[in-house]
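Everything on this sheet refers to the single structure shown next.
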Amino acid sequence: MSEQQPHILVAEDDKSVRLVVQQALARQGYAVQSSGNAAGLWKLIESGKGDVLITDVALPDGDALDLLPRIMERRPDMPVIVMSARSTLLTAVKAQETGVFEYLPKPFELRALIEVTARGLASIGTPAGTPAPKGQGEEAGPLVGRSRPMQEIFKAMARVVRTDLTVLVTGESGTGKELVARALHDLGSRRSGSFVAINMAAIPRDLIESELFGHEKGAFVGADSRQPGRFEQAEGGSLFLDEVGDMPPEAQTRLLRVLQDGEYLPVGAHRPVRANVRIIAATNHDLQHLMQQGLFREDLFYRLNVVPLRLPPLRERAEDIGPLVNHFLMQANQAGLPNKRFTPDAMRALKVWSWPGNVRELENLVRRLLVLRGEDAISGEAVEAEFKAASSEATREIETESLAASVEQHIRRYFEALDGGLPAPGLYGRVLREVEHPLIVATLEITRGNQVRAADILGMNRNTLRKKIRDLHIRAGR
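Offset between the sequence shown (1-based) and the numbering used here: plus 5.
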């Protein structure tokens, strides 16, 4: 770093942005030199000036990210801060992998830029990052979002995408958890391997080990040939464990052993196999709440929650609805659906809806309107009509739904999630367990933990209740 006044280089083609950044940095006591293009930036680099570089990605005569390897070869000690209005996941990943110090999606607050610049100056002397792999384009990819919550997700993903750290993706149904998992795989170092997804809630208790770890020929009745498990299928790639919050206790125990030991034993085998996969898990449940209820192992939670990523619901990122609609329109057009557009009134209507089904609900609505509406421009009235129909249906369900109907609706959604497959054996017992647990917990709460009174209310003897409390992992003090 310069012995006296810190020297900042700025590359930005927008004159007004460049001036604002220069003035903000100068007020902090920094010397600032700027350029509006890549050629001018390279001249500043060749002159040996600058302690920190702040550059836009899209310069009129080139992409700054393509220039960064040359800059870092010439000035390996200089932190680089990248600004970009192309706020996609791939931009964040490419910036991170090129070795930039920080990535700031536009628009950003000046105080954030000042803070990052100060950190960059303080970091001088630390090693730069890894050069980016060749051949990654700047297409938006499956994840779309310019909102601050999604930009934070992109930045977090960019930091871990090239690692093998275990990632736990949480969020409501329809927020795109599997898309995040696939992106982490497709952009990571294991992208040449397989991406294998498994619904952990659907594994039969008696087939847990065989499903996950495979089995040898003759391992059990009906094992006529050797079958690889999901860990072997994902060898060298990524294993996506969906719905980990719904795993039965047996599956939790077996998964924990693999995560602890790094190896597994196929059924009927005599030698353990080293696991060579990256684990990405997902759930729409609050795992910490399930831990408190005794339904999820605490040690497994901490093994999975190495890098937590919480996907925001669509209602928290309404500014992303426009880009998402455009993305879905483009996809629909490529799939041969009618080429239509949404009017400004329609877009306003979309932004005020609560979106209980999140991004998946928005995608389904766009496709439905493209097919069912005859006009070329989807109006606000058409969107409002869809919302009114959905609200009326939901109201009817609330008014008429009994406990039995509620359970039936839940089971039907469970079947739909299997995408035409059959549920695991033992469904009857699993459903009873799911109903028993909250029933006993609630009864113990209203009796303030008095098991004698709770057993009387439930119509069972105290010993039966105590056994169920133990079997269902309910805290005895409740």
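We put the beta carbon where it would ideally sit given N, CA and C, even for glycine.
Please report the distance separating the alpha-carbon of residue i from that of residue j.
| i | j | result |
| --- | --- | --- |
| residue 226 | residue 202 | 27 Å |
| residue 170 | residue 299 | 26 Å |
| residue 128 | residue 332 | 39 Å |
| residue 296 | residue 210 | 20 Å |
| residue 35 | residue 328 | 38 Å |
| residue 506 | residue 338 | Examination of residue 506 is not possible in this model, given that the chain is present from 6 through 483 alone. |
| residue 477 | residue 408 | 21 Å |
| residue 103 | residue 246 | 30 Å |
| residue 121 | residue 86 | 8 Å |
| residue 286 | residue 24 | 45 Å |
| residue 279 | residue 271 | 11 Å |
| residue 322 | residue 358 | 12 Å |
| residue 228 | residue 265 | 28 Å |
| residue 268 | residue 96 | 36 Å |
| residue 124 | residue 238 | 44 Å |
| residue 318 | residue 367 | 12 Å |
| residue 470 | residue 456 | 8 Å |
| residue 101 | residue 58 | 15 Å |
| residue 110 | residue 301 | 37 Å |
| residue 80 | residue 428 | 59 Å |
| residue 220 | residue 112 | 54 Å |
| residue 442 | residue 453 | 16 Å |
| residue 473 | residue 314 | 35 Å |
| residue 275 | residue 236 | 17 Å |
| residue 324 | residue 168 | 31 Å |
| residue 70 | residue 98 | 11 Å |
| residue 180 | residue 72 | 35 Å |
Which two residues bound the contiguous alpha helix (DSSP H) that contains residue i?
| i | result |
| --- | --- |
| residue 186 | 182 to 191 |
| residue 15 | Unbroken run through residue 15 is the beta strand (DSSP E), 12 to 16; no alpha helix (DSSP H). |
| residue 149 | Run containing residue 149: none; DSSP gives neither H nor E here. |
| residue 508 | Here the chain comprises residues numbered 6 to 483, so residue 508 is not present and cannot be evaluated. |
| residue 459 | 456 to 463 |
| residue 249 | Run containing residue 249: none; DSSP gives neither H nor E here. |
| residue 258 | 254 to 266 |
| residue 476 | 467 to 476 |
| residue 154 | 153 to 165 |
| residue 179 | From DSSP, residue 179 is part of no alpha helix (DSSP H); its letter is neither H nor E. |
| residue 324 | Where residue 324 is concerned, there is no enclosing alpha helix (DSSP H), given that its DSSP letter is neither H nor E. |
| residue 293 | 292 to 297 |
Which residue or residues does DSSP assign as beta-bridge partners of residue i?
| i | result |
| --- | --- |
| residue 110 | 89 |
| residue 200 | 243 |
| residue 116 | DSSP, once it has assigned bridges, lists no residue as partnering residue 116. |
| residue 173 | 286 and 313 |
| residue 347 | 383 |
| residue 233 | 219 |
| residue 444 | None; residue 444 has no bridge partner. |
| residue 38 | 14 |
| residue 64 | 67 |
| residue 272 | 220 |
| residue 279 | 268 |
Taking its Cβ as the centre, do 16 or more other Cβ atoms sit within 10 Å of residue i, making it buried, or is it exposed?
| i | result |
| --- | --- |
| residue 283 | buried |
| residue 182 | buried |
| residue 82 | exposed |
| residue 44 | exposed |
| residue 451 | exposed |
| residue 467 | exposed |
| residue 230 | exposed |
| residue 155 | buried |
| residue 492 | Nothing can be reported for residue 492: it is not among the residues displayed for the chain, which extend from 6 to 483. |
| residue 251 | buried |
| residue 162 | buried |
| residue 89 | buried |
| residue 56 | buried |
| residue 139 | Note that residue 139 scores 37 on pLDDT, short of 50, meaning its location in the model is unreliable and no value can be drawn from it. |
| residue 376 | exposed |
| residue 20 | exposed |
| residue 480 | exposed |
Is residue i a contact residue of the ligand GTP, with contact defined as CB to any heavy atom under 8 Å?
| i | result |
| --- | --- |
| residue 354 | In the structure shown, the ligand GTP is absent, as is every other ligand, since no ligand is present at all. |
Which residues in the same chain as residue i place their Cβ atom closer than 7 Å to its Cβ, once the five residues preceding and following it in sequence are excluded?
| i | result |
| --- | --- |
| residue 68 | 62 |
| residue 256 | 205, 208 and 213 |
| residue 370 | 391 |
Residues in the same chain with beta-carbon distance under 6 Å from residue i, minus the five sequence neighbours each way, listed in chain order, please.
| i | result |
| --- | --- |
| residue 198 | 241 and 242 |
| residue 76 | 50 |
| residue 346 | 382 |
| residue 308 | 264 |
What are the boundary residues of the beta strand (DSSP E) that includes residue i?
| i | result |
| --- | --- |
| residue 61 | 57 to 61 |
Can you list, in chain order, the residues of its chain whose CB lies under 8 Å from that of residue i, leaving out five sequence neighbours each side?
| i | result |
| --- | --- |
| residue 352 | 326, 327 and 330 |
| residue 38 | 12, 13, 14, 15, 49, 54 and 55 |
| residue 18 | 41, 42, 61, 63, 64 and 65 |
Would you say residue i reaches chain C, if we count a Cβ-Cβ gap shorter than 9 Å as a contact?
| i | result |
| --- | --- |
| residue 306 | No chain C is present in this structure, which holds just one protein chain. |
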